[in-house]
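The numbers in the numbering used here rise by one with no breaks, and the one at position 70 of the sequence shown is 204.
Each residue gets a CB set at the ideal place from its N, CA and C atoms; glycine is no exception.
Quick notes on the structure that follows.
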Amino acid sequence: MVEVGASGGGGASERPILVVEDDEDTVAALRMLLADEGYASITAPDVLHAIAAIERDDPGLVLLDWSLDDGSGEAVLSAALHRPVTRTPVVLMTGSSSFTSRSFKDADAILRKPFDVGELLQMVARFYRP
135 MVEVGASGGG GASERPILVV EDDEDTVAAL RMLLADEGYA SITAPDVLHA IAAIERDDPG
195 LVLLDWSLDD GSGEAVLSAA LHRPVTRTPV VLMTGSSSFT SRSFKDADAI LRKPFDVGEL
255 LQMVARFYRP
């Protein structure tokens, strides 16, 4: 189920950050961190919900776990990059040490798990589009 976050201090017109992650503890930590920094967030636990959220909610950034329970994040990445109006920036989050750079080449950045909170916030500040 997609959770719409009421977190964040931005105005109603600001676009949320979409967190695509199937680990509930990671989702909770990211939502709290983003809220503390003033960002609104929404979440999706799988590929299907993530693609729907991209189309429906027009996020300003997608934080995408590459390995989801229902498949690879590749379909989510493609949906974010090929929007009819605007391209949505994507930061991939992965704990995998083996990946092909070809798979990730279109992402704006790659964040290795476990990641440093400061590094995550730098990427959010750099790529988020309100």
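May I ask you to report which of helix, strand or coil DSSP gives residue i?
i: GLY194; result: coil
i: LEU178; result: In the sequence as presented, Leu is not what sits at residue 178; that position holds Ala. DSSP places ALA178 in strand when its eight states are reduced to three.
i: SER230; result: coil
i: ASP199; result: strand
i: VAL258; result: helix
i: ALA241; result: coil
i: VAL153; result: strand
i: ARG217; result: coil
To the nearest angstrom, how far is the alpha carbon of residue i from that of residue j?
i: ASP321; j: LEU255; result: No information on residue 321 is available, as it lies outside the stretch 135 to 264 that the chain covers here.
i: GLU148; j: PRO193; result: 9 Å
i: ILE185; j: ALA259; result: 23 Å
i: MET166; j: LYS247; result: 18 Å
i: ALA174; j: ALA187; result: 14 Å
i: GLY252; j: LEU168; result: 12 Å
Tell me which same chain residues have a C-beta within less than 8 Å of the C-beta of residue i, skipping the five on either side of it?
i: ASP203; result: ASP156, PRO179 and ASP180
My guess is that residue i and residue j are in contact by the Cβ rule of under 8 Å, so how many angstroms apart are they, rounded?
i: THR222; j: ALA214; result: 4 Å
i: ASP191; j: ILE176; result: 6 Å
i: LEU182; j: VAL154; result: With 8 Å as the limit, LEU182 and VAL154 do not qualify as a contact, their Cβ atoms being about 11 Å apart.
i: LEU245; j: MET227; result: 5 Å
Ignore the nearest five residues each way along the sequence and tell me which others in residue i's own chain have a CB closer than 6 Å to its CB.
i: ALA243; result: VAL225 and MET257
i: LEU195; result: ILE151, PRO223, PHE261 and TYR262
i: GLU171; result: none
i: LEU164; result: VAL153
i: GLY145; result: Because the pLDDT of GLY145 is 47, which lies under 50, any placement of that residue in the model is unreliable, and the question is left without a value.
Which same chain residues, not among the five before or five after residue i, have their C-beta less than 7 Å away from its C-beta?
i: ASP199; result: VAL154, GLU155, ASP156, GLY207 and MET227
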